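Written below as structure tokens is the structure these notes are about.
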Amino acid sequence: MPKNNVPEQFETERMIIRVPQISDYPEIYEAIVESKKELIPWMPWAEKSNLKNTEESTRMAVSKFISREDLRYHFHDKKTGQFLVGSGLHRIDWNVPKFEIGFWCRSSKVGNGYVTEGVKALADMAFEQLSASRVEIRCDQRNFASSAVAKRAGFSLEGILTNDRRDHHNALSSTMIFARTSKKRLVN
């Protein structure tokens, strides 16, 4: 069963990708503070982040990982151990199984390919170890950085949901849906 195959840690060439630990929260908060200007347009939680709710969020992530409700992963530099990227497999449907990858990168590390490298590895892990049929990346049509990561990581644009929601600033927004699918085909 795929739920039993969820790794707590795996590696890429430059990173250790692992489940959050409660003790991570001060460094996560430091990265949020550093990156707040870049996060606020896209991440509803960024504006009101503080040390206390970052700790609560980290505790919740650990709990949801254990229950397999949501699989948050943190990408850390192999050499220094520094937190680089917050990511994970979200909106999980274990019956399919399918997952959505979300991500954000600390501002001082943007442009080094860490997000693309990690997203590729996360998607590959989902297909190989969790028997994923589908992995998605959804992003605001105005979020050019996220759509570029999706393309570089081998995801195909399946469509744009025009004016499908209001963002957290109450502006009308369109959602781009990128996906990678397994090579398995449905049999009629």
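No gaps in the numbering here: position 8 of the sequence shown is 7 in numbering that gives the first Met the number 0, and each next residue is one more. The beta carbon of each residue, even a glycine, is placed where N, CA and C say it ideally should be. Bear in mind that the values here come from a model prediction, so they are computed numbers and not experimental data.
With DSSP as the reference, identify every bridge partner of TYR72, one or two as the case may be.
SER86
So for PHE177, helix, strand or coil by DSSP?
strand
Kindly list the residues whose CB is nearer than 8 Å to the CB of THR208, restricted to its own chain and excluding five residues on each side of it in sequence; keep chain order.
Outside the modelled stretch of the chain, which goes from 0 to 187, sits residue 208, for which no answer is possible.
For SER155, tell me which candidate among PRO19, MET175 and ASN169 has the shortest Cα-Cα distance.
MET175
Starting from the C-beta of HIS167, find all residues in its chain whose C-beta is less than 7 Å away, skip the five residues before and the five after it, and write them out in chain order.
PRO43
Is LYS2 near the ligand NAP, judged by its Cβ being under 7 Å from some heavy atom?
Only the bare structure without any ligand can be found here, which leaves the ligand NAP out of the picture.
Can you tell me whether DSSP reads GLY117 as helix, strand or coil?
helix
Inter-residue Cα distance where the pair is MET124 and ARG164
31 Å
Give the DSSP-derived three-state secondary structure of LEU156 in the structure shown.
strand
Unbroken stretches of the beta strand (DSSP E), 3 residues or longer, contained in the segment 87-112
97-104
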